[in-house]
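J.:
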Amino acid sequence: GKSFSRFRKWDTANLDNVCDILPIGGRLRFFADQWDSSTSDAWVRDTIRFGLALEFSSTPPNFFMNCPISRDPVKRNLVETVINHLLDIRAIQPVAQDQQ
1 GKSFSRFRKW DTANLDNVCD ILPIGGRLRF FADQWDSSTS DAWVRDTIRF GLALEFSSTP
61 PNFFMNCPIS RDPVKRNLVE TVINHLLDIR AIQPVAQDQQ
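All residue numbers for the sequence shown refer to my numbering, where the first residue is 1 and numbers rise by one.
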């Protein structure tokens, strides 16, 4: 893993670098000190530091659902563009070949 310690303090000069390096999920925790000075709400501060635990009403299925690929080239291109963008910003990651 990469070290993010140099971004622990709020530094607007490095903000672009931070967004390029840090993953989308959990990014706020690297700015927890700034949130501590911005709010006294314990729920907000704890959520920033430790994340939000979701309570599901039932156990999610343990398989991937395949979605059909559109025959419309415009729609297919749009879906590909969105997927590539989500991969670029690391909001999603490819599924390993042996897990597909």
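Ideal Cβ positions, reconstructed from N, Cα and C, are used throughout, including at glycine.
So which of A53, E55, F56, D33 has the shortest CA-CA distance to R45?
T.: Of the candidates A53, E55, F56, D33, the one whose C-alpha sits nearest the C-alpha of R45 is D33.
J.: Give the single residue among T59, N62, W35, P61 whose Cα lies nearest to the Cα of R49.
T.: The candidate whose alpha carbon is nearest that of R49 is W35.
J.: Could you tell me the alpha carbon to alpha carbon distance between P68 and F30, rounded to whole angstroms?
T.: Answer to the nearest angstrom: the Cα atoms are 38 angstroms apart.
J.: Residues in its own chain within less than 8 angstroms of Q93 by CB, not counting five upstream and five downstream?
T.: Answer for Q93: L87, listed in chain order.
J.: When DSSP labels each residue in this structure, what does S5 get in the three-state scheme?
T.: Confidence is the limiting factor: at S5 the pLDDT is only 47, short of 50, which leaves the residue's position unreliable and the question unanswerable from this model.
J.: Quick check: V119 and F63, are their CB atoms within less than 8 angstroms of each other?
T.: Nothing about residue 119 can be read from this structure; the chain reaches only from 1 to 100.
J.: Helix, strand or coil, according to DSSP, for D88 in the structure here?
T.: In this structure, D88 counts as helix in the three-state DSSP scheme.
J.: In terms of residue numbering, what span does the alpha helix (DSSP H) encompassing R71 cover?
T.: That residue, R71, is in no alpha helix (DSSP H); it is neither H nor E in DSSP.
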